[in-house]
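Those protein sequence lines, which keep their order, are chains B and X.
So the first sequence is residues 139 to 270, counted in our numbering.
So the second sequence is residues 2 to 193, counted in our numbering.
What follows is a single structure, written as structure tokens, with notes after it.
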Amino acid sequence: MIDLSVTIGKLKFANPILTASGTFGSGEEFAPLMNLNRLGGLVTKAVTLEPRAGNPAPRIAETACGMLNSIGLANVGVKEFVKEKLPFLHSLKTRIIINVAGRTVDEFSSVIQKIEDAGGVDGYELNVSCPN
Amino acid sequence: MLGKGTEMLADYNSGDKIDFLGPLGNGFSIPERLDYAILIAGGLGVAPLLFLSQELSSQKIATTLFCGNRTKETFVCTKEFDELGVNHFFATDDGSSGFKGTVTELFQKEINNFKNSAAQIYACGPNPMLQKIKQIAQQYNMECQMSLETKMACGFGTCMGCNVNSTSPTELFKYVCKDGPVFNSKEIELSD
Chain B
139 MIDLSVTIGK
149 LKFANPILTA
159 SGTFGSGEEF
169 APLMNLNRLG
179 GLVTKAVTLE
189 PRAGNPAPRI
199 AETACGMLNS
209 IGLANVGVKE
219 FVKEKLPFLH
229 SLKTRIIINV
239 AGRTVDEFSS
249 VIQKIEDAGG
259 VDGYELNVSC
269 PN
Chain X
2 MLGKGTEMLA
12 DYNSGDKIDF
22 LGPLGNGFSI
32 PERLDYAILI
42 AGGLGVAPLL
52 FLSQELSSQK
62 IATTLFCGNR
72 TKETFVCTKE
82 FDELGVNHFF
92 ATDDGSSGFK
102 GTVTELFQKE
112 INNFKNSAAQ
122 IYACGPNPML
132 QKIKQIAQQY
142 NMECQMSLET
152 KMACGFGTCM
162 GCNVNSTSPT
172 ELFKYVCKDG
182 PVFNSKEIEL
192 SD
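Quick look at the structure:
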């Protein structure tokens with residue numbers, strides 16, 4: 139068996155395959171389709187302090203070479219995320235990285251603090267550029 | 002054939018194996034003891050209504066189809082609906098078959114024969130058509146189910162790309178892939 143493990147900072151991943159935030163929801167949606175523990179890491183869609191409904195339709199447009207999307211960071215907000223989504227993520231063996239979005243430094247740190255207070259995860263990805 | 006995916010599917014032969022994910026979302030529902038069904042199709046929106054019509058026929062529920070297209074040549078599945086004994090009204094933009102005008106104008110014109118709060122309307126077609134059917138259903142207090150089409154990236158509720166306006170006070174949007182594609186017309190708003 140080839141050792142595919144990768145270490146970034148203090149974090150060791152079983153392999154270098156991580157899901158890209160925004161493509162994988164909060165992971166649980168894909169559980170019926172694949173063994174999530176095969177992933178090196180699971181990066182969730184952005185979580186914000188308050189729930190966000192997201193942008194009005196249309197949010198997706200097809201282009202000749204791919205797709206444009208403008209979802210608007212739709213998510214249930216950190217309180218609901220901790221209650222409804224975090225327990226499942228804690229049950230996984232793969233590394234869990236939660237993507238966090240906010241408008242101010244305080245919002246970023248509030249989201250992270252609430253997740254830390256609920257047991258924390260392996261790492262956080264700070265969304266400082268993507269509005270989707 | 003417009004799409005690369007459709008082209009690939011068309012190249013398959015009978016007996017070939019493919020992977021697929023589904024069925025996704027919900028379908029039309031047939032209430033118990035339904036007496037009468039009115040199917041309203043805009044263009045290729047007729048596609049899911051044929052399967053529904055087969056189910057309605059197996060339950061011996063009387064069915065009428067209103068179907069609109071650009072021109073006579075663009076109608077599909079007429080033979081299949083005839084074989085099911087479905088009463089039909091056609092509308093064409095150019096008047097080459099049936100009523101000259103849209104299917105919603107035709108339905109509005111015939112409404113006095115069909116306004117029956119015990120009947121169920123099933124509609125599928127472009128959003129402006131569905132919005133008009135929603136308004137007619139509301140005006141005559143008729144239950145209406147609508148099957149929506151929209152761009153979908155994932156198809157099962159994770160990309161959040163397929164939102165439609167919700168009429169619920171507790172949520173701004175519903176998602177066509179997982180809450181639909183069939184909605185009760187009272188649940189959603191399709192006007193801009």
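By construction, the Cβ of each residue, glycine as well, lies at the ideal position given by its N, Cα and C atoms.
* Under 8 Å (Cβ pairs) to chain X, residues found in the segment 202-233 of chain B -> 205, 207, 209, 212
* Please check if any C-beta of chain X sits within less than 8 Å of the C-beta of residue 179 of chain B. => no
* Per DSSP, cross-strand counterpart(s) of residue 70 of chain X -> X:93
* List, in order along the chain, the chain X residues whose C-beta lies closer than 7 Å to that of residue 196 of chain B? -> 152
* Asked: Quick one, which of X:138, X:188, X:153, X:184 has its alpha-carbon nearest residue 169 of chain X's?
  -> X:188
* **Residue nearest to residue 160 of chain B in terms of C-alpha spacing, selected from B:197, B:221, B:237, B:191** => B:237
* Asked: Thinking C-alpha only, which one of X:92, X:44, X:121 is nearest residue 33 of chain X?
  -> X:121
* Asked: Which residue comes first and which comes last in the beta strand (DSSP E) that contains residue 174 of chain X?
  -> 174-176
* To do: Give the residues of chain X in contact with residue 191 of chain B, contact being defined as C-beta atoms less than 8 Å apart.
  => 172, 173, 174
* How many angstroms separate the CA atom of residue 258 of chain B from the CA atom of residue 269 of chain B? -> 24 Å
* To do: Starting from the C-beta of residue 71 of chain X, find all residues in its chain whose C-beta is less than 8 Å away, skip the five residues before and the five after it, and write them out in chain order.
  => 44, 93, 94, 95
* How long is the line joining the alpha carbons of residue 156 of chain X and residue 188 of chain B, rounded to whole angstroms? -> 26 Å
* Asked: Under three-state DSSP, which class holds residue 139 of chain X?
  -> helix
* Residues of the segment 241-267 of chain B with Cβ closer than 9 Å to any Cβ of chain X, in chain order -> none
* For residue 205 of chain B, which beta-bridge partners are listed by DSSP? -> B:200
* Compare the C-alpha of residue 266 of chain B against each of B:206, B:186, B:167 and name the closest. => B:186
* Asked: How many whole angstroms separate the CB atoms of residue 152 of chain X and residue 198 of chain B, which I take to be in contact at a CB cut-off of 8 Å?
  -> 4 Å
* **Alpha carbon of residue 60 of chain X to alpha carbon of residue 37 of chain X, nearest angstrom** => 11 Å
* Asked: Counting only beta-carbon atoms, is residue 181 of chain X nearer than 8 Å to chain B?
  -> no
* Asked: Rounded to a whole number of angstroms, what is the C-alpha to C-alpha distance between residue 214 of chain B and residue 183 of chain X?
  -> 24 Å
* Asked: Can you name the residues that DSSP bridges to residue 190 of chain B?
  -> B:213
* Under a Cβ-count criterion, where at least 16 other Cβ atoms within 10 Å of its own Cβ denotes burial, should residue 138 of chain X be classed as buried or exposed? -> buried
* residue 180 of chain X classed as buried or exposed, judged by whether at least 16 other C-beta atoms fall within 10 angstroms -> buried
* Taking the alpha carbon of residue 286 of chain B as the point to measure from, which residue in B:190, B:152, B:164, B:153 has its own alpha carbon closest? -> Any property of residue 286 of chain B remains undetermined from this structure, which presents chain B solely from 139 to 270.
* Would you mind giving the Cβ-Cβ distance between residue 29 of chain X and residue 67 of chain X, rounded to the nearest angstrom? I have them listed as a contact below 8 Å. => Rounded, the Cβ-Cβ distance is 16 Å, inconsistent with contact.
* CB contact below 8 Å: residue 14 of chain X versus chain B -> no
* Option nearest residue 173 of chain X by Cα separation, candidates B:184, B:264, B:235, B:212 -> B:212
* To do: Can you have a look at residue 184 of chain B and say buried or exposed, based on whether 16 or more other CB atoms are within 10 angstroms of its CB?
  => buried
* Below 7 Å CB to CB, which residues in the same chain sit around residue 35 of chain X once its five sequence neighbours on both sides are set aside? => 62, 121
* **Residue-level contact to chain X via CB, residue 188 of chain B, 8 Å cutoff** => no
* Nearest candidate by alpha-carbon position, reference residue 81 of chain X, set X:52, X:162, X:91 -> X:52
* Asked: In chain order, what residues of the segment 155-166 of chain X put their CB closer than 9 Å to some CB of chain B?
  -> 155, 157, 158, 159, 160, 161, 162, 163, 164, 165, 166
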